[in-house]
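Worksheet: one structure, shown below.
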């Protein structure tokens, strides 16, 4: 495995199959994460109407998806710029990029709400001392950049961060668009999901093709084993 760059806040390694892993430090001081910042309800129970509303830790496939999106964004907008400043020229562009781990004390959760057999499902990243939760990888990107910049603070002792929650002046749709990513307006998402809160019975789902999940995401050096086979 080849080291592309190492800074105080991350390390980027490339494997022989052109996959890059961006590894964050596990030192809690290098993160704004708080281990006690977790979802409020992690017990699966039903209310008087038989509906559910609870959180469970996200599975490996969801974590892989989030870390791949975050890794690619970091590589394009931070790693390459840091390499250029140090006079490092990559020999080739990576085929895949993964964030090997979330910042210290961050955890990804799945929220299930509505009919127990067909609930509305959303994924949230918890852990920040300053933000309740992040609803998508793109929503977390600028906050992650702030963490890797050393967590600078304003004189008011609030984060000098440009993410939609810390800054609050730019809608997420505009932030996503600036980086070439579509972010649907909240009203469209609510309209799409409004019938998934238990008002109707379970909907028939089309069977999804089976995929192998035998390789745990935590072992980042083996992430690409399945796809390379």
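In my numbering, the protein residues as written are 14 to 242. A virtual CB, placed ideally from N, CA and C, is assigned to each residue, including glycine.
Looking at 166, 155, 54, the one whose alpha-carbon comes closest to that of residue 82 is 155. By the Cβ neighbour-count rule, residue 118 is buried, with 16 or more other Cβ atoms within 10 Å of its own. Per DSSP, reduced to three states, the secondary structure at residue 185 is helical. Judged by beta-carbon spacing, residue 66 lies within the 8 angstroms limit of residue 126, meaning their Cβ atoms are closer than that value. Runs of the alpha helix (DSSP H) lying entirely within the stretch 116-191 and spanning at least 4 residues, in chain order: 150-161, 185-191. The shortest C-alpha to C-alpha distance from residue 183 to any of 152, 158, 160 is the one to 152.
Under DSSP, residue 15 shares a beta bridge with 27.
If you draw a straight line from the Cα of residue 20 to the Cα of residue 14, it comes to about 17 angstroms.
Beta-carbon to beta-carbon, residue 111 and residue 122 are separated by about 20 angstroms, too far to satisfy the 8 angstroms threshold.
A straight-line Cα-Cα distance of about 22 angstroms links residue 38 and residue 72.
By the neighbour-count criterion, in which 16 or more other beta carbons inside 10 Å mark a residue as buried, residue 128 falls on the buried side.
Assignment of residue 84 by DSSP, reduced to helix, strand and coil, places it in the helix class.
Checking the DSSP bridge columns, you'll see residue 66 partnered with 126.
Closest in alpha carbon position to residue 75, among 47, 188, 41, 120, is 120. For residue 109, the uninterrupted beta strand (DSSP E) segment begins and ends at 109-112.
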